[in-house]
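Novice: Read in the numbering used here, the sequence shown has 108 at position 108, and its numbers run on one by one without any break.
Please find one structure pasted underneath; my questions will follow.
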Amino acid sequence: KTEPKRMDEHDLEIRITEIITKLSPALDLTVLNLKQLRALIGVELGQDESSLQSYDSLIVRVLNSVVAKLGEDKNQKRKLEDDESDGGKKKQKASESEEDTLPKPKKTNNGELILEMGDDIRVVMKIFNRKPLADIRKYYKSEGDLKPTKKGISLTKPQWENLKKLAPEIDSFFQST
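Shown next as structure tokens:
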């Protein structure tokens, strides 16, 4: 591999978007960890995975954007297929994909990423004391705004990685009950 050259962040964002979009049909992007994704991007850029670590937040931002866009396209395609297949007949009910669709992530002025899970639960991706955190918390309404409760947890990256490793067991439990 060649010595990594510092890239213009805008150009790199465009390249990473192209790479992730190209990889998306062949891979389930939601199950890749950041190191794996960096390695795949590194191969495409001709750079070592470790040389891309300083771009982690950019890679995550692009990944979330591409996954959200792909989800919208898939839902739109399903909707079009549903519209075509019913031949003008009355729809039985709203498609499940529409019911299961979560709102788009929102970015705050201070750089936090807010992901709505429903039932007044949010995942807020933020930096606290120079550490990235996934803050999963119940919120309540107060004077028209949503305010955080004490009911929740902030996960560091290693804790998040451990939780993802537990996902098959959690899925198995939910499927068996």
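All C-beta atoms, glycine included, are put in the ideal place defined by N, C-alpha and C.
Tell me the DSSP secondary structure of residue 142 in three-state form.
Specialist: strand
Novice: How far does the beta strand (DSSP E) with residue 116 in it extend, from its first residue to its last?
Specialist: 113-118
Novice: Nearest by alpha-carbon distance to residue 43: which of 130, 151, 106 and 16 is it?
Specialist: 16
Novice: Quick one: what's got a C-beta closer than 6 Å to residue 169's C-beta in the same chain, skipping five residues either side?
Specialist: none
Novice: I'd like the span of the beta strand (DSSP E) that includes residue 15, first residue to last.
Specialist: First-last for residue 15: 9-23, but that is the alpha helix (DSSP H), not the beta strand (DSSP E).
Novice: Can you tell which of 112, 116 and 110 has the C-alpha that lies nearest to the C-alpha of residue 104?
Specialist: Of 112, 116 and 110, the residue nearest in Cα terms is 116.
Novice: Ignoring anything shorter than 4 residues, give me the alpha helix (DSSP H) runs that lie fully in the segment 31-76, in order along the chain.
Specialist: 34-45
Novice: Roughly how many angstroms separate the alpha carbons of residue 148 and residue 114, rounded to a whole number?
Specialist: 12 Å
Novice: Beta strand (DSSP E) containing residue 104: first to last residue?
Specialist: Counting along the chain, residue 104 falls outside any beta strand (DSSP E), and DSSP gives it neither H nor E.
Novice: So, helix, strand or coil for residue 245, using DSSP?
Specialist: Because residue 245 is not part of the residues shown, which for the chain are 1 to 177, the question remains open.
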